[in-house]
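One line per chain: the protein sequences are A and B, in this order. When we follow our numbering, the leftmost residue of the first sequence carries the number 180, and every step to the right adds one. When we follow our numbering, the leftmost residue of the second sequence carries the number 180, and every step to the right adds one. Heads up, the thing below is written out as structure tokens.
2 protein chains.
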Amino acid sequence: MTERTLIKNLAASSDGPVTVSGWVDTVRDQKKVQFVVLRDESGALQLVHPRAEDADPIADTISALGTGSFITVTGDLKHDERVKLGGIEVLIGEIEVVSEALESPIAEDTGVDKRMDWRFLDLRVPRNNLIFRIQTTLEHAWRTYWVEHDFIEIHTPKLMASASESKAELFEVKYFDGKAYLAQSPQFFKQMAQPAGFGRVFEIGPAFRADPSFTSRHATEFVSVDSELSWIDSHEDVMRLHEELMVAGFTAVREKHGAEIEAAFGIEVTVPTTPFPRIPLAEAKRIVAERGYEVPRHDDDMDPEGERQIAAYVKEQFGHEFVFLTDYASSIRPFYHMRHEADAGITKSYDLIFNGVEISTGAQREHRIEVLEAQARDKGLDPEELAFYLDFFRYGVPPHGGFGMGLSRVLMLLLGLPNLREATYLFRGPTRLLP
Amino acid sequence: MTERTLIKNLAASSDGPVTVSGWVDTVRDQKKVQFVVLRDESGALQLVHPRAEDADPIADTISALGTGSFITVTGDLKHDERVKLGGIEVLIGEIEVVSEALESPIAEDTGVDKRMDWRFLDLRVPRNNLIFRIQTTLEHAWRTYWVEHDFIEIHTPKLMASASESKAELFEVKYFDGKAYLAQSPQFFKQMAQPAGFGRVFEIGPAFRADPSFTSRHATEFVSVDSELSWIDSHEDVMRLHEELMVAGFTAVREKHGAEIEAAFGIEVTVPTTPFPRIPLAEAKRIVAERGYEVPRHDDDMDPEGERQIAAYVKEQFGHEFVFLTDYASSIRPFYHMRHEADAGITKSYDLIFNGVEISTGAQREHRIEVLEAQARDKGLDPEELAFYLDFFRYGVPPHGGFGMGLSRVLMLLLGLPNLREATYLFRGPTRLLP
Numbered sequence: 180m181t182e183r184t185l186i187k188n189l190a191a192s193s194d195g196p197v198t199v200s201g202w203v204d205t206v207r208d209q210k211k212v213q214f215v216v217l218r219d220e221s222g223a224l225q226l227v228h229p230r231a232e233d234a235d236p237i238a239d240t241i242s243a244l245g246t247g248s249f250i251t252v253t254g255d256l257k258h259d260e261r262v263k264l265g266g267i268e269v270l271i272g273e274i275e276v277v278s279e280a281l282e283s284p285i286a287e288d289t290g291v292d293k294r295m296d297w298r299f300l301d302l303r304v305p306r307n308n309l310i311f312r313i314q315t316t317l318e319h320a321w322r323t324y325w326v327e328h329d330f331i332e333i334h335t336p337k338l339m340a341s342a343s344e345s346k347a348e349l350f351e352v353k354y355f356d357g358k359a360y361l362a363q364s365p366q367f368f369k370q371m372a373q374p375a376g377f378g379r380v381f382e383i384g385p386a387f388r389a390d391p392s393f394t395s396r397h398a399t400e401f402v403s404v405d406s407e408l409s410w411i412d413s414h415e416d417v418m419r420l421h422e423e424l425m426v427a428g429f430t431a432v433r434e435k436h437g438a439e440i441e442a443a444f445g446i447e448v449t450v451p452t453t454p455f456p457r458i459p460l461a462e463a464k465r466i467v468a469e470r471g472y473e474v475p476r477h478d479d480d481m482d483p484e485g486e487r488q489i490a491a492y493v494k495e496q497f498g499h500e501f502v503f504l505t506d507y508a509s510s511i512r513p514f515y516h517m518r519h520e521a522d523a524g525i526t527k528s529y530d531l532i533f534n535g536v537e538i539s540t541g542a543q544r545e546h547r548i549e550v551l552e553a554q555a556r557d558k559g560l561d562p563e564e565l566a567f568y569l570d571f572f573r574y575g576v577p578p579h580g581g582f583g584m585g586l587s588r589v590l591m592l593l594l595g596l597p598n599l600r601e602a603t604y605l606f607r608g609p610t611r612l613l614p
Numbered sequence: 180m181t182e183r184t185l186i187k188n189l190a191a192s193s194d195g196p197v198t199v200s201g202w203v204d205t206v207r208d209q210k211k212v213q214f215v216v217l218r219d220e221s222g223a224l225q226l227v228h229p230r231a232e233d234a235d236p237i238a239d240t241i242s243a244l245g246t247g248s249f250i251t252v253t254g255d256l257k258h259d260e261r262v263k264l265g266g267i268e269v270l271i272g273e274i275e276v277v278s279e280a281l282e283s284p285i286a287e288d289t290g291v292d293k294r295m296d297w298r299f300l301d302l303r304v305p306r307n308n309l310i311f312r313i314q315t316t317l318e319h320a321w322r323t324y325w326v327e328h329d330f331i332e333i334h335t336p337k338l339m340a341s342a343s344e345s346k347a348e349l350f351e352v353k354y355f356d357g358k359a360y361l362a363q364s365p366q367f368f369k370q371m372a373q374p375a376g377f378g379r380v381f382e383i384g385p386a387f388r389a390d391p392s393f394t395s396r397h398a399t400e401f402v403s404v405d406s407e408l409s410w411i412d413s414h415e416d417v418m419r420l421h422e423e424l425m426v427a428g429f430t431a432v433r434e435k436h437g438a439e440i441e442a443a444f445g446i447e448v449t450v451p452t453t454p455f456p457r458i459p460l461a462e463a464k465r466i467v468a469e470r471g472y473e474v475p476r477h478d479d480d481m482d483p484e485g486e487r488q489i490a491a492y493v494k495e496q497f498g499h500e501f502v503f504l505t506d507y508a509s510s511i512r513p514f515y516h517m518r519h520e521a522d523a524g525i526t527k528s529y530d531l532i533f534n535g536v537e538i539s540t541g542a543q544r545e546h547r548i549e550v551l552e553a554q555a556r557d558k559g560l561d562p563e564e565l566a567f568y569l570d571f572f573r574y575g576v577p578p579h580g581g582f583g584m585g586l587s588r589v590l591m592l593l594l595g596l597p598n599l600r601e602a603t604y605l606f607r608g609p610t611r612l613l614p
């Protein structure tokens, strides 16, 4: 391993010899002294070289340095309050250019599409790097919560013999002499863990939707955060799990990255209080209408503007960034959502809205096979095609429920990013398969 | 939430009223007293009901109980040393059949193929449930190691515009009006994190191989455990990371599940000592030949029997279950493996063998663009098709390397399972897409 000190650890190091490695951010090639800003995965550092009067190979190397080149420098660390960049600098003793760089085709003001073409350069921008360190912290906090609460991690297959949601958005795969489909969600397979007696499960993995939308909130491949648990009484139990997870995740992010996030995004991460506000959808629509917005839909669903409006109301009334909209109409929910005993027109389900945008759908699932079959038929589905799934309910199954949540959506809304692409390592859309 | 006590927590609970939920394992319906063995995700429990002399609705319910039905029972917990099953039993006060079960189509001696048809029932078997709790612990230990060592978690796309490994094993996806391919590994994209300045990354996610093999060690979809890190000097640094991860994972598994594993699989989990033995492949072949086994291959590769033989040698000589075979010939390694300075015929790469089977390949990657391009051409690849990948190396990139490892293979070999299917939640093979 190259013996190097991470830049973030230099401030706490004592003055003296040190080796650092990273890439060249900027070069100021002045007459008497040369400055290089070096970056690595942990931060930025000023390197300095006073030019010698005669032959000076180090100065020549620095003058020829291209931005983005990867270098290793050995030199003398000096703490100096006058240095704006962290109060330290390294006097260059040796410099090795490990990998030269062509000139970057993108700059800070380059449009998002071209930046995505050069995503590996775009990700060098410190705030972009920060997004994925936040993602790491968020996921690890969630998984730690799950593991500490005896959830089993599952990896459900992404290759399926049939659709799990709507057929319209299904990617078809040539599978030897036949066909397969890409999973639109782990729905059926995480439910399978329930008759399997796993009790409580989680998965963070890819899901695929052949959705030709070009909105800022859609992708053809996305990371789905899923959990499912047994022996619930209603969707209320799922919401309780869900809000505890959000608290665990946001607490970890705030602790580890709160200051960085404030500096880079101007956002103070708020750890939400529990319980999150819960508003039945019908009431939410009334509230939104009273605020002067009539949801322009013919079905019973909310629309994005309605979600923004109800979020604004919740923020004003309860000072909360989250709201559970509950009891969606059966007409707009999948067949496997359980319906209310007293009113089969509404389901035991919810959407979780965060900063005005839906990030998740959860529900109690219908586990009674006769009811489930009837609801499938009700939706015009062919029980034949669902046979393998319906079997899960014929051999004993506990009451259960869960949710699925878009990872990049959470990040986008947490950090106030303008679109999903910024919160995705490598975005996939209808016209985007590269790099 | 149904107020229930997990069975594993009953032993430490005091005698008195308790509610338990789970599924019926067995019923012994005797004249004077009825016994039910109840199972939940945490263990098994004896329920008891002395028959009343006259009308006894509880006895009637028990008599009608089908194996596999999910029930909730409220009753009196009693500690009693004479009860073989954990020294406790619950005297049934109330019993509710929550979900009835058809008779299970599988039994303990059912063949693996039919068990896979009914995987959700097969997973109820305690040792199968244990496999996935071990998986959870293993993954969480790995991720905790990575997070504590400042690795960034990435989710690379599974939809690609071109092949990342061999074209022969590529699944093709209809992608709107065009085509996409399923990622065979996150290779290119985890390498992308290096010029992106991420430093060190990891991912646990699915990978896809259109491999028509039917061996016990292959699947068309598998979970790949990947890591990649910057500023290495050689593949030795990758091996060092790799062995530390194995130690962290096995330590956690042994601590949490050591006793259960010994009981269920008759295996004592050994935490490996470091460094693992390292043997260059050419030497390994000599050793194997001396043991009387000539590898029947025309290329420079090892074969499965050779791997078993060298593992047996290592076990005898060093008492170790792991061995790194290093320095594979360039002829049998992908173009992106770095070759030795002194001998371009061998690569800075390794396979990790565990209990006689390969579980992982690792290497230092070639990061010098001219060399990389030449090696690609050398392998008959079209640099045009690799353009997006080759670009990663033109704008500055640190020396780097990493490995990919099959999750189910590790579990299979750790627990002495006969095939991958047993170690996979839902197996996918050339003729297996259901359930």
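Even glycine gets a Cβ: it sits at the ideal position worked out from N, Cα and C. Values in this document were obtained by computation on a predicted structure and should not be read as measured data.
Limits of the unbroken beta strand (DSSP E) element including residue i
{"i": "W297(A)", "result": "Neither: W297(A) is in no beta strand (DSSP E) and is coded neither H nor E."}
{"i": "K353(B)", "result": "E351 to Y354"}
{"i": "S409(B)", "result": "E400 to S409"}
{"i": "I532(A)", "result": "S528 to F533"}
{"i": "R457(A)", "result": "R457 to P459"}
{"i": "L551(A)", "result": "Element bounds for L551(A): not the beta strand (DSSP E) but the alpha helix (DSSP H), I548 to D557."}
{"i": "V450(B)", "result": "First-last for V450(B): undefined, no H or E at that position."}
{"i": "V576(A)", "result": "Where V576(A) is concerned, there is no enclosing beta strand (DSSP E), given that its DSSP letter is neither H nor E."}
{"i": "L504(A)", "result": "F501 to T505"}
Residue range of the alpha helix (DSSP H) that includes residue i
{"i": "Y472(A)", "result": "Looking at the DSSP string, Y472(A) is not in any alpha helix (DSSP H), and its letter there is neither H nor E."}
{"i": "H319(B)", "result": "P305 to E327"}
{"i": "I241(B)", "result": "P236 to S242"}
{"i": "G428(A)", "result": "H414 to F444"}
{"i": "A566(A)", "result": "A566 to D570"}
{"i": "P284(B)", "result": "No alpha helix (DSSP H) contains P284(B), which DSSP labels as neither H nor E."}
{"i": "R487(A)", "result": "P483 to F497"}
{"i": "V589(B)", "result": "L586 to L594"}
Those residues which DSSP pairs with residue i across a bridge
{"i": "G265(A)", "result": "Partner(s): none; G265(A) has no beta bridge."}
{"i": "A542(A)", "result": "S528(A) and G581(A)"}
{"i": "F514(B)", "result": "Bridge partners of F514(B): none, in fact."}
{"i": "F214(B)", "result": "R207(B) and V227(B)"}
{"i": "D219(B)", "result": "G222(B)"}
{"i": "V258(B)", "result": "One detail in the question is off: residue 258(B) reads as His in this sequence, not Val. DSSP, once it has assigned bridges, lists I267(B) as partnering H258(B)."}
{"i": "S200(B)", "result": "T251(B)"}
{"i": "E563(B)", "result": "Beta-bridge pairing links E563(B) to no other residue."}
{"i": "G290(B)", "result": "Answer is none; G290(B) lacks a bridge partner."}
Contacts of residue i in chain B (Cβ-Cβ under 7 Å)
{"i": "F571(A)", "result": "F299"}
{"i": "R607(A)", "result": "P336 and L338"}
{"i": "A375(A)", "result": "F299, L302 and R303"}
Within chain A, partners of residue i - CB distance below 8 Å
{"i": "I333(B)", "result": "F311 and Y604"}
{"i": "V550(B)", "result": "By Cβ distance, chain A contributes nothing, its closest Cβ being about 12 Å from V550(B), past 8 Å."}
{"i": "E400(B)", "result": "P336, K337 and L338"}
{"i": "I180(B)", "result": "Correcting the residue identity first, residue 180(B) is Met in this sequence and not Ile. By Cβ distance, chain A contributes W410, I411, D412, D416 and R419."}
Where residue i meets chain A, residues with beta-carbon distance less than 9 Å
{"i": "Q314(B)", "result": "I331, E332, I333 and H334"}
Chain B residues whose Cβ lies nearer than 9 Å to that of residue i
{"i": "F355(A)", "result": "A389, P391, T399, P609 and T610"}
Cross-chain neighbours of residue i in chain A, by beta carbon under 7 Å
{"i": "W202(B)", "result": "G376 and G575"}
Exercise. In chain order, which continuous runs of the alpha helix (DSSP H) of length 4 or greater are located wholly inside the stretch 357-381 of chain B?
Worked result: 366-371
Problem set entry | Under 7 Å (Cβ pairs) to chain A, residues found in the stretch 410-434 of chain B | W410, I411, D412 and D416
Exercise. Listed from N- to C-terminal order along the chain, which residues in the stretch 215-247 of chain A have their beta-carbon within a distance smaller than 9 Å of any beta-carbon of chain B?
Worked result: R218, D219, E220, S221, G245, T246 and G247
Problem set entry | chain A contacts made by the stretch 497-519 of chain B, where a contact means CB separation under 9 Å | none
Problem set entry | Residues of the stretch 272-283 of chain B with Cβ closer than 8 Å to any Cβ of chain A, in chain order | V277, S278, E279, A280, L281 and S283
Problem set entry | Short-range partners of chain B found in the stretch 572-584 of chain A, where Cβ spacing is below 9 Å | F572, R573, Y574, G575, V576, P577 and P578
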